[in-house]
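For reference, the structure is listed below as structure tokens.
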Amino acid sequence: MADKYSDGTYSAELKFPNVRIHLQDLVLREKQLPSHAMAKSAVHFGLIPEESIEKVVSVKPTELCLCMATAANIIEEYFKGVPQRSGFPTVDFEQVLCEIFRDAKTHLKEVTVITDHQGEIALRSHDCYRFAPTLFDLMLQQLLRYPGL
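If you count by the numbering used here, then the sequence shown holds residues 11 to 159, one letter each, in order.
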């Protein structure tokens, strides 16, 4: 989850090293695509049911990479399976997704200087292999942030 500084900037901190190692192991040792490794990790860590894997990985890339699109599908499936508790504020799928995208972009700005011709952060396709574990960590932080889920 990104922490906001007094100057209005954000800093993304990673908090789940074992989750990142698990996902990296799927990518490197088992030769899985990062998006597929994210879906399998989501099942492994109880975010989505196993029967959702095919739906989660059948995505098209978004503004950054296929992993971001996969993260969006994982979050959508997660919201379908977890009823919101009464007495807590309603948590919106779009709100959580925007927070994760913000955290991901913040992290990318901190760790890379790759930009496209318009000055936007550009994630090259081979960088997705390095980014997937980080994105999963940030996604998990956001999902655990809301006690009403």
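Yeah, the Cβ is synthetic: ideal placement off N, Cα and C, and Gly gets one too. Only a predicted model underlies this, so the values are computations on that prediction, with no experimental measurement involved.
Membership of F141 in the alpha helix (DSSP H) is indicated by the continuous run 138 to 155.
Each residue's CA atom was taken as its position, placing Y156 and E40 some 33 Å apart.
In the three-state scheme derived from DSSP, where H, G and I count as helix and E and B as strand, R112 is classed as helix. Nearest neighbour of V101 by Cα position, chosen from H46, L153, A47, I31, turns out to be L153. A direct Cα-Cα distance of roughly 23 Å separates F111 from P59. In terms of CA proximity to L24, T116 leads the group I85, T116, Y88. Contact annotation: V66 and N83 have beta-carbon atoms nearer than 9 Å.
Between S45 and V69, the C-beta gap is smaller than 9 Å, which places the two residues in contact.
Apart from the 5 residues on each side of it in sequence, G91 sits with its Cβ closer than 7 Å to the Cβ of I58, P59 in its chain, given in chain order.
Between D147 and F55, the C-beta spacing is not below 9 Å. In this structure, the beta-carbon distance from A47 to A142 falls below 9 Å. In this structure, the alpha-carbon of L150 lies about 17 Å from that of Q94.
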